[in-house]
Amino acid sequence: MMKNAKPLGLLLSFLFQLLPVIPSQPTTFKLGLILDSNSSIGQIALTSVRMAVDDFYAANPNSSARLHTITRDASGNVVTAASHALELITKDKVHAILGPQSSTESGFVAALGTRAQVPIVSISATSPSVSPAHSPFFVRAAANDADQVDAIAALVDAFRWRRVVPIHEDSNFGAAFVPYLVDALDNVGVRVPYRCPLPTTASDDDISAELYKLTTEQTRVFVVHARVDLATRLLRSAKNAGMMSEGYVWILTSGLTSLLASVEEYISPGSIDGVLGVMPYFPTAEQRIREFKRRWSLQFLKDNPNVGLTAATELSSYAIWAYDAVWAMALSAERLGKVRPDFIESKNGSTGFSNLGVSRTGKSILKEILNTEFDGLGGRFRLVDGELNVTAFRVLNVIGGKAKDVGFWTSRFGLTRRLNWSSNSQFSSLRDGLGPVIWPGDSAVVPSGWTQPTGGKKLRIGVPRPVDPGFQSFVNIEIDPETNQTSASGFVIDVFEAAVRQLPYAMPFEYVPAGHERYDTLVLQVANGTYDAAVADLTMKANRSSYVDFTMPYMASAISMVVPLKDERSKDAWVFLKPLNKNLWLVSGVFCVFTGIIMWILEHRSNNEFRGPPSHQFGTVFYFTFSTLLFAHKDNIVSNLSKFVVIIWVFVLLILRSSYTASLTSLLTVQQRPVNDFIELKNSGGNVGHLHGSSVRGLLVSMGFDESRLKALEFSQYNDALAKGSKNGGVLAIVGETPYLRAYLKLHCNNYTIVDQMIKTGGFGFAFSKGSSLVPDLSKSILNLTESGQMSEIERKWFGDPSNCPSQDNPLTSGSLNYESFRGLFLITGTGSIFCAIIHLAFFINQKRRDLRQAIATEKSIAGKLRSICKLYIGKDLSSYV
C-alpha cells in the first residue's frame, strides 16, 4: 500500500496544477427587459441594449458574470407590462428588470418590484409621478423631467417673457410635470395665466379647437410636454393654424427634443423651424461618441429597416441612457460574483400576485446598482437618491429640420454659450449667454411673447367719482351720456396707463366709476372682488395693506401744512427788535453787564481809566461793554486776563452781531410765515384746516391739537379760510398730504407756501386684490418710469413746474433768533470770565496776605472786616504799569 501511495499523490498533484487552466463557468445574471417594440423609444432602446451587452463582454472577456436578457413586449399597455413583470419575477426568476417604457407602466411594475425586492431600472420613465422615494426598488437611469424646469425657466427669463402657457398631455406623464414647471417659472417672476391639457385620445379637431382658444388669448409663449404621437399632431395643427409664424415661441421639453428626428418624420419638413428645446447634455464631440453613433446607426437600420434615415442618424438621449444602464447592470453583476435567483416563496394564496415571493439577492443587487459609478457615454454615470445625476442641459434651436446648439444651462453657471466645467464666469440669466436664434417665421427678431388678445376678460378698474374740481388734476372719470363711453384723465390715470404700456404683456382693462365712496370702502371693494383693482390717489396704509396688495408708490407723500405769506416789510417801527427774541435780548444784556463787572474786577486796581469817582467807574464799565456791541473800543487794557476776556467776548459778539444783521435783513426784505412747524402751530392757539373726510384730523388729534380748533374744509374753501385768518373765523394753516397741497399751490403760490417740516406717509399706490401677479410687474414698470424721467414729465403736465412760482423761490425767514442757538457761546464767555476773575483774586490774596491778616485781626465785627478788605482791593496797585 505504501508503495502505491506515492504515485497516487504525484497524480493528484498534477491534476490540481491543471485546474486553473480550465476556465470556470460564468454566473448567469438574468435581466428582464420590458419595452414597446413598436415605439420610437422601444426600438432605440432595444438596439442600444444589445450593443451594450456585446460591447461590455468584448471589453471584459473574462467576466465572472454574464447578462442574459429576457425581452417582453408590453405594446404600450399598462396591464400587459404588469403581467410581463409578474411573469419575469415568478417564472423566469430574473435578478432585475430594465423598463418598462412609460411612467404609468413603471408605476405598477415598481410596486411589484418593491414587493418582490427586485430592482426595476428605468431608462425612459422620466415623469416625477414615479420616484425612488415612493418605490425603494425603482431606479431611474434617466433624467427626471423635473430636472429640466430650471433650464426652461432660465431660457424664458433670458428673453424677458413674463407669461407662459404649458401645453401638456393630460396624463400622469404631463400632469406630474406641470407643477414643477410652474414653480420654476414663478421663481423667476414668470406667470402661467392658463394651462392647456390635451387628452391622449384627443382628435385633430379637438387639438385645433384648443389651439384656436390660445390664439384668442394674449400669451404667445408655449411649452410643449407630451409624447411623440400627440406632440406631432399638435405641432402639425399649430402649423396649419398659422401658429408657427413670426411672434410665436415654442419650447419643447427634453422628451420631445431627444426624439426630434422621430417628430420630424411625421410632419412636413421645416414645419417646426424656429422651435426651441432643451435636452440633457452628453459629450457628442468625443471620438468614442462619434464612433458609437456610427455603429449604432448601422445597427438601428439593420434592426428596423422600415425606419427613416433621419431617425437612424440622430443619436437620442434614450439610446445613451439604455447603453449606460446596461453597463451599470453588468458592472454590478460582476462585483456581486456568484448570485442565484433565489426567492422566498409566498404561501398566501394561489393567484399570481399572492404567490409573489421575495428575492434573497434583491437588496444586494440594488445596493451595487446604486453605488455603481463610471464614465459612460453620457458622461459620468452616477445615481443620486436612485436617479441619474444630470447636471447640464443643451439649448437647441431647430433650423432647416436640424437641431442646432445655441447654448447650455447648468445650475452653477446658468446659460452659457459654451460648456466649460472649469470656468470662473458668474451665473448668467441673460440671453447674451446664448448664440443667435432663428424664430418661427424665419425671423431673427426676438418675439415679445404676447399680443393684444381678441378675447378674454378685461380687468375692472375702479376709479372714484365724482371728484372735487380742485383735485381733478389727480383723477377724473366721465361718462358720455350719448355714447355711454367712459373716459378717465388726470395724473394718476396717466401714470397707470404709462406703467401698463411698460408691461411685457397685454393687460386689457376698463375703467368703472366707483361712486362717491370713501377710499377705505374702495379698498374693501377691491378685496371682495367688486373691482379687480383701484386706480386713485390711494395712500398706502398698514390697515389697507391687510386687505389688498399695493404696487410700489408712484408718488411720494407726507403730511405738511400750507400757511399764508405775511408781507411785513417796512410796516413795523419796531422791526429792528425782532431778529432776537426776548430771551436772547435779556441774556445778551445780562452778559454785557456781567462782562463789564468782570472787566472792572480785573482792571480797577491797575488801570486809571477804571478809577475815579463811583459815577465815573460805573459809566466806564457800561460804556466799555455795550460799546463792544457796535464797534471796537480804544480803551487801554492793562491785565492779560482782561485781554483774554475781551477776546472771547468780542468773538461772541461777532457771531451774535452777524446773525442779527442777517436776520434783520431778512425781516426787511422777504415775506414771512406765521408758523414754522407743528409745535408752533399747536401752541399758536389758531384754527387749523384739513380736507373734509381726511384721516389727517385723527393724526392732528393724536398730536395733541384741540378738536375745537380743527375745521373740515372742501378744496374750494381753502383760499377763503386762509385769507380770513384764524382771528376772523378762518384758519391759520391747512394741514394735508403734500400732493394735494401742491395742487392747491399751483393756483395760489404767490400768497401761500408749504412749510418744510413734514410727517412721512406711505405715498400713493395702485391697489390690487391679494396675491395678484400684476403687482410686482407694475411696480417694476413704475420704477422704470421714475428712472427714465417720464414720471417727472407727467407730474409737470398736471401740476406745473414749481420753479415757475416766484414766491416759492424766495427764502423764508424762520422767525426770531433764540437763546438756544447761542447757548454754547454764552457758556464759553461766562466760564472764561469767571476763570480769569478767580485767577486775579488769587493773585490779589497772595500779594496782600499780610495786610489782609492785619485788617481782619484789627476789626472785630464782620462788617468791619469786609470794609477793610474792600478798602484794600479798591486801593491802587502801585506795582502796575499805569
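For the sequence shown, position 722 matches number 1210 in the numbering used here, and the numbering has no gaps at all. The beta-carbon is built from N, C-alpha and C at its ideal position, and this holds for glycine as well.
Restricting attention to 1068, 766 and 878, the CA atom closest to the CA of residue 713 is found in 766. Boundaries around residue 1311 are those of the alpha helix (DSSP H), 1311-1335, since no beta strand (DSSP E) includes it.
Boundaries of the alpha helix (DSSP H) harbouring residue 808: 805-824, taken from the DSSP string. Annotation: residue 1102 to residue 1074 spans about 26 Å, alpha carbon to alpha carbon. If you draw a straight line from the Cα of residue 920 to the Cα of residue 562, it comes to about 46 Å. If you look at residue 767, you'll find it in the beta strand (DSSP E) that goes 764-768.
A Cβ-Cβ contact shorter than 7 Å links residue 678 with residue 644. Inter-residue distance for residue 1026 and residue 1038 is about 9 Å (C-alpha atoms, whole angstroms).
Judged by pairs of C-beta atoms under 8 Å, the region 770-787 does not touch the region 735-755, as fewer than three such pairs exist. About 6 Å separates the beta carbons of residue 1328 and residue 1089, which is inside the 8 Å limit, making them a contact pair. Remark: C-beta atoms of residue 729 and residue 699 approach each other more closely than 7 Å.
Your pair residue 865 and residue 811 checks out as a contact, with CB atoms roughly 6 Å apart and the cut at 8 Å.
For residue 1201 against residue 1177, the beta-carbon gap comes to about 5 Å, under 8 Å, which counts as contact. In this structure residue 928 is buried. Its beta-carbon is surrounded by 16 or more other beta-carbon atoms within 10 angstroms. Per DSSP, reduced to three states, the secondary structure at residue 1001 is strand. Residue 670 places its beta carbon 7 Å or farther from that of residue 641. Below 8 Å, enough C-beta pairs join the region 1013-1028 and the region 957-977 to call them touching: three or more.
DSSP, read as helix, strand or coil, puts residue 528 in helix. Within the DSSP secondary-structure output, residue 586 pairs in a beta bridge with 521 and 609.
A direct Cα-to-Cα measurement between residue 974 and residue 1029 gives close to 29 Å. For residue 684, the enclosing beta strand (DSSP E) starts and ends at 684-686. Around the beta-carbon of residue 1358, fewer than 16 other beta-carbon atoms lie within 10 Å, marking it exposed.
Here the alpha carbons of residue 1203 and residue 958 stand approximately 6 Å from one another. Around residue 623, the same chain offers 598 and 602 as residues with beta carbons nearer than 6 Å, after the five sequence neighbours per side are excluded.
Cβ atoms of residue 903 and residue 893 stay farther apart than 8 Å, at about 12 Å. The continuous beta strand (DSSP E) containing residue 1052 extends over residues 1046-1052.
Membership of residue 856 in the alpha helix (DSSP H) is indicated by the continuous run 850-859. Residue 518 counts as buried, since no fewer than 16 other beta carbons sit within 10 angstroms of its beta carbon.
Cβ neighbours of residue 1288 within its own chain (closer than 7 Å, five residues either side excluded): 1234. Counting C-beta pairs closer than 8 Å gives three or more between the region 583-590 and the region 813-826, which meets the contact rule. Per the coordinates, the alpha-carbon of residue 632 lies some 6 Å from the alpha-carbon of residue 616. In this structure, DSSP gives residue 665 a state outside helix and strand, which the three-state scheme calls coil. Between the region 788-796 and the region 756-766 there are fewer than three inter-stretch CB-CB distances shorter than 8 Å, so the stretches are not counted as touching. Every candidate alpha helix (DSSP H) stretch fails here, since none sits fully inside the region 529-558 while reaching 4 residues. Contact annotation, residue 1253 with residue 1042: C-beta distance approximately 7 Å; criterion of less than 8 Å satisfied. Exclusion of the five residues before and after residue 1212 leaves 1218 as the residues of its chain whose Cβ lies within less than 6 Å of its Cβ.
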